[in-house]
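*Asks:* Encoded as structure tokens, here's the structure I'll be asking about.
There are 2 protein chains.
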Amino acid sequence: MQIIFLFYDGMTALDAIGPHEILCRLPGAKVHRVAKKIGAIHTDSDLLLHADSTLADVSHADILLIPGAGNATTLRDYPETLDWIKTIHQTTTWTTSVCTGSLILGAAGVLKGLKATSHWAALERLQTWGAKPVESRIVESGKIITAAGVSAGIDMALALAAKIAGQRIAETLQLGIEYDPVPLFNAGSPAKANPDILKALHAYMNAAFEKP
Amino acid sequence: MQIIFLFYDGMTALDAIGPHEILCRLPGAKVHRVAKKIGAIHTDSDLLLHADSTLADVSHADILLIPGAGNATTLRDYPETLDWIKTIHQTTTWTTSVCTGSLILGAAGVLKGLKATSHWAALERLQTWGAKPVESRIVESGKIITAAGVSAGIDMALALAAKIAGQRIAETLQLGIEYDPVPLFNAGSPAKANPDILKALHAYMNAAFEKP
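Residue numbers (the working numbering), protein chains in the order written: chain F, 1 to 212; chain P, 1001 to 1212.
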């Protein structure tokens, strides 16, 4: 089972590493971290990740995962990457995204007419690509699964693990990473957040986002 | 505010990257990812991370974070790293660990007589180092905060963010990573897991662990 993570400069590390920690432990998983070039990838938190394969090295995927980025890029300056996503998508069993990775799927042309989610601050931008934004932590549209912001990738990966390998293995993976979350505050979604904090963070993030 | 993540070969990526995604966004944060050598770090999921500083480059930390490893290493083969931890610990405001990183803190000699937690499968091993194992997601003993397995680092980092920067900033960081977890199954701790799964995973993990 070939599991492909797209890596690119500016990506958010946890968008990929949360799901990676789960999906790489699926029975039969062969994982590749793919980018335009092999080598260091500069994430949006200054942490460096490492791509081990180039786009040209990969011609199919059973699972494709596209992480998001702090600037909500659609990768529009990298049409060859978008073309690659569209091509690989034709070969996948599951095409997935975390956070604003769904905007990249949109720009690659694979979300037209489909329900999808994204980071809450970027959700409406899905309409640019003909997708139907849904305020939900995980949205499944056929073989495409999109997850909400950053940490939602962990929930998405466990749900995907259950689909692929069954509940017993998904629960084993969950117990392995001791995923029994107890957030100190009940403030992790727009519906639950303090309205002042929500407004301020939305303005801050929008200012950092790529122009629509 | 100097935030130091210890990186080492065999570490679990998510142990570090979960907290990193939060702590690096604290106001005034200067983050360094420190290892014996600058360069690629092989995690236990084959993913490569990158250390940007050596142990010798770092002589103090406001926050020190030690991640765990799939083989529950105490780093006993690297006494210079344990000495470094002990020295840096004397300079910290907060010394923290995620998962079996607490065994490393124990081996460095800083947990004697203190309550601490770890990954559930390694919890009793804390006694080797004179620590008192506590079945809890986060354990605070003076300036030392230990977190349970892997994903518990996210909860720990948010709690630490609140201590350092206040509830408003912690809630902002939580909303930023949309941390509103909804695990598909209620199976992420030993108390909640299917007993058969717990037993099988415990045996599997123990076999992979470093000899006590």
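In this text, a Cβ means the ideal position worked out from N, Cα and C, and glycines have one as well.
In chain F, which residues lie less than 9 angstroms from Lys1192 (chain P) when you measure between Cβ atoms?
*Replies:* Leu175, Asp180
*Asks:* Using the C-alpha atoms, what's the distance from Thr1128 (chain P) back to Pro1212 (chain P)?
*Replies:* 8 angstroms
*Asks:* Counting only the same chain and skipping the five closest in sequence on each side, list residues whose C-beta sits under 8 angstroms from that of Lys1086 (chain P).
*Replies:* Ala1108, Gly1109, Val1110
*Asks:* Please compile the residues from chain F whose C-beta is within a distance smaller than 8 angstroms of the C-beta of Ala1013 (chain P).
*Replies:* By Cβ distance, chain F contributes Ile17, His20, Glu21.
*Asks:* Closest Cβ-Cβ distance between Ser1151 (chain P) and chain F: below 7 angstroms?
*Replies:* yes
*Asks:* What do you get for Thr1178 (chain P), buried or exposed, if any count of 16 or more other CB atoms within 10 angstroms of its CB means buried?
*Replies:* This sequence places Glu at residue 1178 (chain P); Thr is not what is there. So Glu1178 (chain P) counts as buried.
*Asks:* Answer with yes or no whether the minimum CB distance from Ile1197 (chain P) to chain F is below 7 angstroms.
*Replies:* yes
*Asks:* If you drop the 5 nearest sequence neighbours on each side, which residues of the same chain put their C-beta closer than 6 angstroms to that of Leu64 (chain F)?
*Replies:* Ile4, Ile88, Thr92, Thr95
*Asks:* Is Val1098 (chain P) near Gly1070 (chain P), with beta carbons less than 7 angstroms apart?
*Replies:* No, they are not a contact pair.
*Asks:* Less than 7 angstroms between the C-beta atoms of Leu26 (chain F) and Ala200 (chain F), yes or no?
*Replies:* no
*Asks:* Counting along the chain, where does the alpha helix (DSSP H) carrying Arg168 (chain F) start and finish?
*Replies:* 167-176
*Asks:* Going along chain P, which residues have a C-beta under 8 angstroms from Phe209 (chain F)?
*Replies:* Those do not exist, as Phe209 (chain F) stays about 13 angstroms from chain P at its closest Cβ, beyond 8 angstroms.
*Asks:* Check for me: the alpha helix (DSSP H) holding Ile22 (chain F) runs from which residue to which?
*Replies:* Its alpha helix (DSSP H) spans residues 13-23.
*Asks:* Express the C-alpha separation of Met1011 (chain P) and Ser1141 (chain P) in angstroms, rounding to a whole number.
*Replies:* 24 angstroms
*Asks:* With respect to the beta strand (DSSP E) encompassing Trp1094 (chain P), which residues constitute its N-terminal and C-terminal limits?
*Replies:* 1094-1098
*Asks:* Where do the N-terminal and C-terminal ends of the beta strand (DSSP E) with Ala40 (chain F) fall, by residue?
*Replies:* Looking at the DSSP string, the run of the beta strand (DSSP E) that includes Ala40 (chain F) is 39-42.
*Asks:* Anyone know if the C-beta pair for Asp1077 (chain P) and His1042 (chain P) falls short of 7 angstroms?
*Replies:* no
*Asks:* Is there a Cβ of chain P sitting closer than 7 angstroms to that of Gly70 (chain F), yes or no?
*Replies:* no
*Asks:* Assuming contact is defined by CB atoms lying nearer than 7 angstroms, are Ala147 (chain F) and Ile138 (chain F) in contact in what I supplied?
*Replies:* yes
*Asks:* Should Ala187 (chain F) and Gln1174 (chain P) be called a contact, given that it needs their Cβ atoms to be closer than 7 angstroms?
*Replies:* yes
*Asks:* Rounded to the nearest angstrom, what separates Ile1066 (chain P) and Leu126 (chain F) at their Cα positions?
*Replies:* 39 angstroms
*Asks:* Ignore the nearest five residues each way along the sequence and tell me which others in Gly1101 (chain P)'s own chain have a CB closer than 7 angstroms to its CB.
*Replies:* Asp1015, Ile1066, Pro1067, Gly1068
*Asks:* Quick check on DSSP: helix, strand or coil for Lys163 (chain F)?
*Replies:* Here Lys163 (chain F) sits in helix by DSSP.
*Asks:* For Arg125 (chain F), would you say it is in contact with chain P, using Cβ-to-Cβ distances shorter than 7 angstroms as the test?
*Replies:* no
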